[in-house]
Amino acid sequence: VNMMALVPVHLDYRGEVGEGYGFPKRFRIEISDHADMRDAVVLVDRSKADVTNPGRYPLVFEFPTKAGRYIKLT
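Here it is, written out as structure tokens:
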């Protein structure tokens, strides 16, 4: 099993409002051996429903081992 974490930004000057600032509500994470992502494998798909803002904490995803040179967050 492999893991990946998305770490949100925290803007100190905005207090609690700055926790998870700009974190995407929906996204996909893909991996490929090619820059054009022609053979991409989807590792994480959270594009169908809004993801709760994680605040100060990372979101950690586990998935089966996959090899690739490029990772794309959309």
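Okay, so the sequence shown: first residue is 1 according to the numbering used here, each after it adds one. Idealized CB from N, CA, C, for every residue including glycine.
Closest Cα partner of residue i within the set the options
{"i": "V41", "options": "G22, I29, K25 and A49", "result": "I29"}
{"i": "R38", "options": "R26, M4, N2 and I71", "result": "I71"}
{"i": "R69", "options": "L59, K25, P8 and D36", "result": "D36"}
Simplified DSSP assignment, three categories, for residue i
{"i": "G22", "result": "coil"}
{"i": "D33", "result": "coil"}
{"i": "R28", "result": "strand"}
{"i": "V17", "result": "helix"}
{"i": "M39", "result": "Checking the displayed sequence, the identity of residue 39 turns out to be Asp instead of Met. Coil."}
{"i": "D12", "result": "helix"}
Range covered by the beta strand (DSSP E) that runs through residue i
{"i": "A5", "result": "N2 to L6"}
{"i": "L59", "result": "L59 to F63"}
Contact test: residue i Cβ vs the ligand SAM heavy atom, cutoff 7 angstroms
{"i": "T65", "result": "Inclusion of the ligand SAM in the displayed structure is not the case, the ligand content being empty and no account of it being possible."}
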